[in-house]
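Protein chains in written order, with the working numbering: chain R, -5 to 199; chain S, 309 to 428.
Read through the structure below, which is laid out as structure tokens, and then see the notes.
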Amino acid sequence: MDFANYDPAGANRSREIISAKIVIAGGFGVGKTTLVGAISEIQPLTTEALMTAAGVGIDDPSKVPGKETTTVAMDFGRITMAEDLILYLFGTPGQTRFWFMWDEIIRGAVGAAVLVDTRRITDAFAPLDYFENRNLPYVVALNRFDDAPQYELEEVREALAISPDVPLVMCDARRRESVKQVLVTVVEHAMLRLQAEHGFAAPVG
Amino acid sequence: MEPRRDPRGALVRPYAVTRGRTEPLQNIALEAVLSCTPTQSAEARFAGHDKYRIASVCEGRAQSLAEIAAYTRMPLGVTRVLVADMVAEGLLTLHTAAPATGFAARMNLLGRVLSGLREL
Ligand SMILES: Nc1nc2c(ncn2[C@@H]2O[C@H](COP(=O)(O)OP(=O)(O)OP(=O)(O)O)[C@@H](O)[C@H]2O)c(=O)[nH]1
Ligand SMILES: [Mg+2]
């Protein structure tokens, strides 16, 4: 420990900073970046990962002459909760063919919200399949677009065959309060799951 | 969205700055946070342009690996190799990502995140 550099303003604390991550998943254009931007303290940032064409299912690499790698962008936001606690929100790349990027993004996450656009409900099949086969707690959030058909939550649950123990909520990805509620639902669900795994009975309701 | 480019242009091969190494010394999580004291930053001046840029990004405000990549506009894999080197060289301090094991530690973290969200 280097006390010579001790900085009471906090910038140089040797104290551990814990970071947690929640994943915002969903198909192309469902509002992931909008949701992150509605609550993040920074403008959503983008980072890029390079990957080889072979790894991402580009069927015919000759169609992109001289290009052996392709770039996958993911965006994310940040909420500094305390001097020693930061929550990051990571959006998955819209194209669900970049599965291996999803694996990297969800690793270590506390949970995920899968966004669904009710105008294109079948786009949610692939993301939901993905999470059903992972051990990560997730909730499903219906992002209500203005011109979207108005379904009842239970209709959507049935149409998407969402298991009864997966929370399903309505949201408006542009509204901070609504986004906050989605994230609260993710964390509460993660807590219940963790308790259940450790033999605590889930409360009724 | 228009992809961001390395400011040095497309002519720079992505892993040139790591001298061709693509495997990091340790696989740092996207959300793992790194910090840099003024002393570390001063030392990083002698570690080359890219490492100094990384140190500058983390000085004064701890940043995740993903933020470092975004702010330096370097691809994630390249950034991870450089950041892992800098941790090994003592130029950056790596903080812990969320605990993956231990009921009490995990519950405690979830509880803190939950109250953090409710206070927003
Ligand atoms: N009416 C309405 N429009 C929305 C809502 N959420 C997002 N939008 C709009 O939908 C469009 C797509 O939203 P994005 O947040 O870019 O979606 P995305 O999931 O990040 O898209 P990709 O990253 O390309 O997959 C944007 O024009 C948003 O302004 C919403 O809740 N209601
Ligand atoms: Mg987006």
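For every residue, glycine included, the Cβ atom is placed at its ideal position computed from N, Cα and C.
Being a predicted model, the structure only gives us computed values, none of them experimental.
1) Considering only the alpha carbon of each residue, which of R:Ser172, R:Arg128 and R:Ala155 lies closest to Gly25 of chain R?
2) Taking Met382 of chain S as part of the beta strand (DSSP E), name the residues at either end of that continuous run.
3) Terminal residues of the continuous beta strand (DSSP E) containing Pro105 of chain R?
4) Examine chain S for any beta-carbon lying closer than 8 Å to the beta-carbon of Leu39 of chain R, and answer yes or no.
5) Go ahead and label Gln37 of chain R buried or exposed: buried means 16 or more other beta carbons lie within 10 angstroms of its beta carbon, across all protein chains shown.
6) Taking the alpha helix (DSSP H) that Ile99 of chain R falls in, what are its first and last residues?
7) Check whether the Cβ of Gly424 of chain S lies closer than 8 Å to any Cβ atom in chain C.
8) DSSP on Gln89 of chain R, reduced to helix/strand/coil?
9) Tell me whether Gly398 of chain S, by its Cβ, gets closer than 7 Å to a heavy atom of ligand 2.
10) Using CA atoms only, rank isn't needed, just tell me which of R:Pro87, R:Leu79, R:Ile18 and R:Thr28 is closest to Glu42 of chain R.
11) Using a C-beta cutoff of 8 Å, does Leu338 of chain S count as contacting chain R?
12) Along chain R, which residues have their Cβ under 8 Å away from the Cβ of Ala324 of chain S?
13) Just to check, is the beta-carbon of Lys26 of chain R closer than 7 Å to a non-hydrogen atom of ligand 2?
14) Check whether the Cβ of Phe125 of chain R lies closer than 8 Å to any Cβ atom in chain S.
15) Between Thr401 of chain S and Ser343 of chain S, how many whole angstroms is the CB-CB distance? I'm expecting something under 8 Å.
16) Based on DSSP bridge pairs, tell me the residues matched to Tyr82 of chain R.
17) Measure the Cβ-Cβ separation of Ile16 of chain R and Leu81 of chain R and say whether it is below 8 Å.
18) Where do the N-terminal and C-terminal ends of the beta strand (DSSP E) with Asn137 of chain R fall, by residue?
19) What residues in its chain sit with their C-beta under 7 Å from that of Arg169 of chain R, if we drop five residues either side in the sequence?
20) Determine the chain R residues that contact Phe411 of chain S at a beta-carbon separation under 9 Å, and present them in chain order.
21) Can the beta-carbon of Arg128 of chain R be found closer than 8 Å to that of Ile100 of chain R?
22) Is Thr438 of chain S near Gly385 of chain S, with beta carbons less than 8 Å apart?
23) So what does DSSP say about Ser349 of chain S, is it helix, strand or coil?
24) Answer yes or no: does any C-beta atom of chain S fall closer than 8 Å to that of Arg101 of chain R?
25) Find the residues of chain R that neighbour Leu400 of chain S, judging by a C-beta separation of less than 9 Å, and give them in chain order.
26) For Leu177 of chain R and chain S, any beta-carbon pair shorter than 8 Å?
27) Tell me whether Ala167 of chain R, by its Cβ, gets closer than 7 Å to a heavy atom of ligand 1.
28) Based on Cα-Cα distance, which residue from R:Leu186, R:Gly20, R:Arg91 and R:Gln175 lies nearest to Val268 of chain R?
29) Per DSSP, what kind of secondary structure is Gly20 of chain R in: helix, strand or coil?
So, from the data block:
1) Here residue 25 of chain R corresponds to residue number 31 of the first sequence, with the count starting at 1. Among R:Ser172, R:Arg128 and R:Ala155, the Cα nearest to that of Gly25 of chain R belongs to R:Ser172.
2) What you label residue 382 of chain S is simply residue 74 of the second sequence in a count that begins at 1. Where Met382 of chain S is concerned, there is no enclosing beta strand (DSSP E), given that its DSSP letter is neither H nor E.
3) Against the first sequence, residue 105 of chain R aligns to sequence position 111. In the sequence under discussion, the amino acid at residue 105 of chain R is Gly, which differs from the Pro named in the question. Per DSSP, Gly105 of chain R belongs to the beta strand (DSSP E) from Gly105 to Asp111.
4) As a working mapping, residue 39 of chain R is identified with position 45 in the first sequence. True, the Cβ-Cβ gap to chain S drops below 8 Å.
5) Counting from one through the first sequence, the residue named residue 37 of chain R turns up at place 43. Result: exposed.
6) For the purposes of this step, residue 99 of chain R is identified with residue 105 of the first sequence, where counting begins at 1. Residues Trp93 to Ile100.
7) No chain C is part of this structure, whose protein chains are labelled R and S.
8) Taking the first sequence and counting its residues from 1, one reaches residue 89 of chain R at position 95. Annotated three-state conformation of Gln89 of chain R is coil, per DSSP.
9) Position 90 of the second sequence holds residue 398 of chain S. Gly398 of chain S Cβ: outside cutoff for every heavy atom of ligand 2.
10) Working through the first sequence from its first residue, we reach residue 42 of chain R at position 48. Nearest option by C-alpha distance: R:Pro87.
11) The sequence position of residue 338 of chain S within the second sequence is 30, counting from 1. It does; some Cβ of chain R falls within 8 Å.
12) Within the second sequence, residue 324 of chain S is the residue found at index 16, counting from 1. Within 8 Å Cβ-Cβ: nothing; Ala324 of chain S doesn't reach chain R, min ~13 Å.
13) Stepping through the first sequence from its first residue, residue 26 of chain R is reached at position 32. Yes - ligand 2 has a heavy atom lying nearer than 7 Å to the Cβ of Lys26 of chain R.
14) Position 131 of the first sequence, counting from 1, holds the residue named residue 125 of chain R. So, not an interface residue.
15) Taking the first residue of the second sequence as 1, we reach residue 401 of chain S at position 93. Taking the first residue of the second sequence as 1, we reach residue 343 of chain S at position 35. Correct: roughly 5 Å between the Cβ atoms.
16) In the first sequence, counting from the first residue as 1, residue 82 of chain R sits at position 88. Looking at the DSSP assignment, Tyr82 of chain R forms a beta bridge with R:Lys15 and R:Arg72.
17) Within the first sequence, the letter at position 22 stands for residue 16 of chain R. Within the first sequence, the letter at position 87 stands for residue 81 of chain R. It is a contact, given that the beta carbons lie within the stated cut-off.
18) Taking the first sequence and counting its residues from 1, the one referred to as residue 137 of chain R is at position 143. Here the beta strand (DSSP E) through Asn137 of chain R covers Tyr132 to Asn137.
19) For this step, residue 169 of chain R is matched to residue 175 along the first sequence. Answer for Arg169 of chain R: Ala32, listed in chain order.
20) Translated into positions along the second sequence, residue 411 of chain S becomes position 103. Going along chain R in sequence order, the residues near Phe411 of chain S (Cβ under 9 Å) are Leu188, Gln189, Glu191 and His192.
21) Your numbering for residue 128 of chain R matches position 134 in the first sequence. Your numbering for residue 100 of chain R matches position 106 in the first sequence. Cβ distance < 8 Å, so Arg128 of chain R and Ile100 of chain R count as in contact.
22) For residue 438 of chain S there is no data in the structure shown, the boundaries of chain S being 309 and 428.
23) The residue labelled residue 349 of chain S in the question sits at position 41 within the second sequence. Three-state result, Ser349 of chain S: helix.
24) For the purposes of this step, residue 101 of chain R is taken as the residue at position 107 of the first sequence. Yes, Arg101 of chain R lies at the interface with chain S (some Cβ there is under 8 Å from its Cβ).
25) Within the second sequence, residue 400 of chain S is the residue found at index 92, counting from 1. Ordered by position in chain R, no residue passes the 9 Å Cβ test against Leu400 of chain S, which lies about 12 Å from the chain.
26) The sequence position of residue 177 of chain R within the first sequence is 183, counting from 1. Answer yes: the Cβ-Cβ gap between Leu177 of chain R and chain S drops below 8 Å somewhere.
27) Indexing the first sequence from 1 puts residue 167 of chain R at position 173. Yes, the beta carbon of Ala167 of chain R sits closer than 7 Å to at least one heavy atom of ligand 1.
28) No statement about residue 268 of chain R is possible, as the shown extent of chain R runs from -5 to 199 and does not include it.
29) By 1-based counting over the first sequence, the position of residue 20 of chain R is 26. For Gly20 of chain R, the secondary structure class from DSSP, reduced to helix, strand or coil, is strand.
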